[in-house]
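Report on one structure; see the data block that follows.
There are 2 protein chains.
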Amino acid sequence: MTGNKTVPTLDDVAKTAGVSTATVSRCINTPERVVENTRNRVLKVIDQLGYTPNFGARVMAAKRTYTIGAIIPTMENAIFARSLQAFQEALHQKGYTLLVASSAYRPDVEEEQIRALVSRGADGLLLIGHDRDASIYQYLKQREVPALIAWTFADDAPHPCIGFDNRASMRALTEEVLKRGHRRVGIISGATQGNDRARQRIEGIKDALTSNGLDPANLNIVETKYEIECGGEAFEKLMSFKKPPTAILCGNDVLAVGAIRRARELGLDVPGDVSITGFDDIELAKVVFPALTTVHVPHREMGSKAAVELVNMVETKSAGSSAELNTTIQIRGSLGHAKN
Amino acid sequence: MTGNKTVPTLDDVAKTAGVSTATVSRCINTPERVVENTRNRVLKVIDQLGYTPNFGARVMAAKRTYTIGAIIPTMENAIFARSLQAFQEALHQKGYTLLVASSAYRPDVEEEQIRALVSRGADGLLLIGHDRDASIYQYLKQREVPALIAWTFADDAPHPCIGFDNRASMRALTEEVLKRGHRRVGIISGATQGNDRARQRIEGIKDALTSNGLDPANLNIVETKYEIECGGEAFEKLMSFKKPPTAILCGNDVLAVGAIRRARELGLDVPGDVSITGFDDIELAKVVFPALTTVHVPHREMGSKAAVELVNMVETKSAGSSAELNTTIQIRGSLGHAKN
DNA sequence: CCATAAAATGTAAGCGCTTGCATTTTGTTA
DNA sequence: TAACAAAATGCAAGCGCTTACATTTTATGG
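So this is what it looks like as structure tokens:
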């Protein structure tokens with residue numbers, strides 16, 4: 016028997032079981048190709064030795080890892096959590112393991128993470144949003160690693176995506192705001208650089224303004240990081256104008272929650288003095304007071320559909336197809352009528 | 016030049032650059048060992064061919080991956096987010112990549128994830144809490160993969176840990192509650208099965224009760240999942256008793272927030288009718304209304320210290336040492352005096 | 001300009017696994 | 001029981017990389 020200080024290899028198993036490495040390998044990967052008797056013997060030895068396949072070697076020899084990678088902009092808040100959880104569950108069911116990395120909304124970090132995951136053998140990748148250097152897509156293509164984009168949808172997208180129309184969704188929400196008499200609206204947006212979703216949401220707001228005869232030009236937009244605290248600061252900044260907005264549309268719920276909190280600190284009533292809306296409808300939206308009017312995104316559906324489609328792309332080596340999901344507007348306490 | 020349909024290998028680079036594979040390898044791993052001229056030439060070819068090392072092969076040959084794995088109970092809420100983010104940042108700074116997997120609080124899934132990460136070459140692992148099958152620790156030991164435990168601390172722990180004393184922290188919080196005259200307290204805890212932190216927190220509450228001359232025996236404990244909704248249900252259950260508690264201590268902020276929300280829905284005033292406390296002090300705690308009295312955990316500090324220690328364990332092959340961090344009690348609006 | 005040490009580079013042996021093909025064993029049929 | 005097909009197993013060639021060791025080139029000094 017082999018020494019007990021080192022990790023057992025296929026070879027060790029083969030030797031103690033008195034078979035060839037090929038048979039051991041078959042016992043693991045294609046058990047039906049090994050006669051029961053031998054198989055049991057081998058499995059017993061595997062168990063006894065505590066053998067586990069060396070992944071690196073396996074990948075190298077077989078080219079498949081049953082691993083899917085996902086790179087999300089942040090793990091700090093729950094924006095991507097629920098859909099990722101659903102993604103993971105669906106993947107697990109299909110026998111895949113999910114590995115997650117976060118980019119902190121930084122393109123350079125994202126690229127690094129993509130490479131890390133791909134070189135670690137990810138069979139496929141889930142990415143958020145389209146905006147990305149062409150060289151990355153080229154890299155993925157060369158490596159033949161299928162990538163699926165989530166959180167956005169566009170017919171004409173060059174890559175398959177499972178998501179929703181950020182622009183139209185935000186436009187619909189804005190219509191609700193305008194419908195309540197608001198004419199001076201402010202925007203708190205996440206950084207638009209490298210973030211197509213953020214840009215589209217702003218576009219959606221402009222669409223609504225325009226179609227209501229308002230000029231999008233005199234729109235106050237504050238761009239900041241997607242953090243609660245930043246949302247608060249941006250809010251304060253917007254409210255400090257001579258003619259402050261009566262409604263503030265935020266790029267996501269996190270920013271909106273920060274705004275609401277700061278409003279309270281400043282003694283401003285929401286929605287009495289100012290209405291605030293978010294986007295995404297994460298748990299936070301219902302917890303904050305007043306509850307947040309926001310765009311509800313089908314997180315779990317997006318996650319599980321993405322899993323199914325991505326696995327399909329991996330297994331059939333197909334280009335993959337896109338799917339558009341619907342969002343709905345959630346009217347809650349934070350949106351009220353304009354006071355004058 | 017090699018064909019353009021396949022992924023370039025070290026060999027391709029070597030050939031086009033007119034050097035040996037060893038030199039190419041050195042250009043990548045120990046650039047100072049190759050003369051500038053050659054190095055530049057090789058790097059240019061690497062760039063031109065879009066070469067990236069094959070990770071599997073690399074792991075196999077070098078036995079090091081500069082990858083650290085972390086398995087957290089959940090990604091659904093922000094409990095582990097901040098500390099994980101800090102962990103990741105510190106790791107990144109040291110040249111390591113973090114790969115994350117979540118177990119959904121399920122031991123079997125956790126074990127699976129541990130194996131997945133280890134076989135994928137993780138140099139070290141960050142795990143949450145001690146409770147775990149002995150066979151897992153044995154597996155890790157055999158594989159010589161160092162593991163660091165976070166979110167808990169104990170002198171006598173068999174494995175190095177970076178965390179805090181859950182029991183003492185909860186005890187301190189409970190003292191604050193009792194100090195305000197509460198005598199009937201209820202507990203909403205996460206599942207204690209396989210979760211030492213949850214158990215210790217309960218013990219802490221009992222400690223405080225006992226030392227205040229109260230009998231821990233007639234304590235109402237509702238065990239549930241760590242989800243907002245579940246916190247609400249548990250709350251309703253506790254409040255439906257003939258003599259409902261005047262203070263409810265929750266196992267974490269998520270449960271507490273669920274309880275607060277349900278209180279509002281039921282028309283109960285917090286803290287007028289019932290006080291509610293949490294644990295962890297995540298963002299949610301400050302956002303909810305009334306703000307949550309809770310135990311503040313040094314998330315970021317825990318994350319970055321864990322990174323430093325774990326990398327140290329990996330690089331020096333040492334057993335690693337534990338560190339205890341301090342928590343503080345955050346008194347906020349959700350805790351008030353008992354009404355009678 | 002030559003000897004010699006130091007620096008740069010090349011050679012080739014694995015790392016642990018999968019799998020096409022060859023060989024052996026088992027089962028079937030006449 | 002012989003002949004042959006099918007099933008089970010073994011053999012051995014890689015997969016792409018790192019690295020100890022061997023070899024070649026460059027630098028140094030007399």
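Protein sequence lines correspond, in order, to chains A and B. Under the numbering used here, the first residue of the first sequence carries the number 16, and numbering increases by one thereafter. Under the numbering used here, the first residue of the second sequence carries the number 16, and numbering increases by one thereafter. From the three backbone atoms N, C-alpha and C, an ideal C-beta is built for every residue, glycine too. Just so we're clear, the structure is a prediction, and the values are computed from it rather than from any experiment.
1. Does chain A have any CB closer than 8 Å to the CB of Val192(B)?
2. Determine the contact status of Leu270(A) and Cys245(A), defining contact as a CB-CB distance below 8 Å.
3. List in chain order: all unbroken alpha helix (DSSP H) runs of 4+ residues lying wholly within the segment 188-242 of chain B.
4. What residue from Leu64(B), Val49(B) and Asn52(B) has the CA that sits closest to Lys30(B)'s CA?
5. Grouping DSSP H, G and I as helix and E and B as strand, with all else coil, what is Leu142(A)?
6. For a quick check, are the C-beta atoms of Ser184(A) and Thr308(A) less than 8 Å apart?
7. Around the C-beta of Pro286(B), are 16 or more other C-beta atoms found within 10 angstroms, so that it is buried, or is it exposed?
8. Determine which residues of the segment 102-124 of chain B have a Cβ less than 9 Å from any Cβ of chain A, and write them out in chain order.
9. When you compare the segment 300-320 of chain B with the segment 271-282 of chain B, are there three or more beta-carbon pairs, one atom per stretch, that lie closer than 8 Å?
10. Quick check: the Cα distance between Gly18(B) and Asp62(B), rounded to an integer number of angstroms?
11. Tell me where the beta strand (DSSP E) around His311(A) begins and ends.
12. Does the structure place the segment 75-94 of chain B close enough to the segment 286-302 of chain B that three or more beta carbon pairs sit under 8 Å?
13. Can you check the segment 46-133 of chain A for any beta strand (DSSP E) of at least 3 residues that lies completely inside it and give the ranges in chain order?
14. Closer than 7 Å by beta-carbon distance: list the chain B residues that pair up with Gly136(A), in chain order.
15. Classify Thr38(A): buried if its beta carbon has 16 or more other beta carbons within 10 angstroms, exposed otherwise.
16. Which residues mark the beginning and the end of the alpha helix (DSSP H) in which Phe274(B) is found?
17. Indicate whether at least one CB of chain B lies closer than 8 Å to the CB of Ile243(A).
18. Would you decide whether Arg186(B) is buried or exposed? Buried here means 16 or more other CB atoms lie within 10 Å of its CB.
19. Is it right to say Thr80(B) is buried, meaning 16 or more other beta carbons lie within 10 angstroms of its own, or is it exposed?
20. For Ser118(A), I'd like the list of residues in its chain whose CB is within less than 7 Å of its CB, leaving aside the five on either flank, ordered along the chain.
21. How about Glu256(A): is its C-beta nearer than 8 Å to some C-beta of chain B?
22. Using a Cβ cut-off of 8 Å (strictly closer), state whether Glu324(A) contacts chain B.
23. Between which two residues does the beta strand (DSSP E) holding Ala165(B) run?
24. Any contact between the segment 318-335 of chain A and the segment 99-107 of chain A? By contact I mean 3 or more CB pairs, one from each, below 8 Å.
25. So with Cβ pairs under 8 Å, would you call Met90(B) a contact of chain A?
26. Can you name the residues of chain B whose CB is closer than 9 Å to the CB of Arg276(A)?
27. With H, G and I counted as helix, E and B as strand and the rest as coil, what does DSSP make of Thr343(A)?
28. Could you please give the first and the last residue of the uninterrupted alpha helix (DSSP H) stretch that includes Ala37(B)?
29. If we ignore side chains and look at the alpha-carbon of each, how far apart do Asp170(A) and Val200(B) end up?
30. Starting from the C-beta of Met16(A), find all residues in its chain whose C-beta is less than 7 Å away, skip the five residues before and the five after it, and write them out in chain order.
31. Output yes if chain A places a C-beta closer than 8 Å to the C-beta of Glu385(B); else output no.
32. Over what stretch of residues does the beta strand (DSSP E) that includes Thr292(B) continue unbroken?
33. Just reading off the beta strand (DSSP E) that Ile263(B) is part of, what are its end residues?
34. Quick one: list the residues of chain A neighbouring Gly99(B), beta-carbon separation under 8 Å, in chain order.
35. If I follow the unbroken alpha helix (DSSP H) through Gly318(B), where does it start and stop?
36. When the distance is taken between beta carbons, is Gln215(A) closer than 8 Å to Asn181(A)?
Once the coordinates are examined:
1. no
2. yes
3. Taking 4 residues as the shortest admissible run, the segment 188-242 of chain B contains the following complete alpha helix (DSSP H) segments, listed from N- to C-terminal end: 211-226.
4. Leu64(B)
5. strand
6. For the 8 Å CB-CB criterion, Ser184(A) and Thr308(A) do not form a contact.
7. It counts as buried.
8. Gln103, Glu104, His107, Thr112, Leu113, Leu114, Val115, Ala116, Ser117, Ala119 and Val124
9. yes
10. Residue confidence for Gly18(B) is low, a pLDDT of 37 falling below 50, so the modelled location carries little weight; the figure read from the coordinates is stated next. Using only the alpha carbons, I get a separation of about 16 Å.
11. Thr309 to His311
12. yes
13. Runs of the beta strand (DSSP E) inside the segment 46-133 of chain A: 82-87 and 112-117.
14. Phe70 and Gly71
15. buried
16. Phe is not the amino acid found at residue 274(B); the sequence shown has Ala there. Segment Asp268 to Glu280, the alpha helix (DSSP H) holding Ala274(B).
17. Output row for Ile243(A): interface = yes.
18. buried
19. buried
20. Result list for Ser118(A): Ile86, Pro88, Val124, Glu125 and Gln128, in chain order.
21. Looking at the sequence provided, one finds Phe at residue 256(A) rather than Glu. Not one chain B Cβ lies under 8 Å of Phe256(A).
22. Not a single CB atom of chain B sits nearer than 8 Å to the CB of Glu324(A).
23. Ala162 to Ala165
24. yes
25. Yes, contact with chain A.
26. Lys301 and Val302
27. strand
28. Thr36 to Asn44
29. 57 Å
30. Because the pLDDT at Met16(A) is just 34, under 50, the model does not fix this residue reliably, and the value given afterwards should be weighed accordingly. Closer than 7 Å at Cβ, skipping near neighbours: Thr31.
31. The question about residue 385(B) has no answer, for chain B in this structure spans 16 to 355.
32. Ser290 to Thr292
33. Ala262 to Cys265
34. Checking the sequence, you will find Leu at residue 99(B) rather than Gly. Under the 8 Å cutoff, chain A gives Met90.
35. His314 to Thr331
36. With a cutoff of 8 Å on beta-carbon distance, Asn181(A) and Gln215(A) are scored as near each other.
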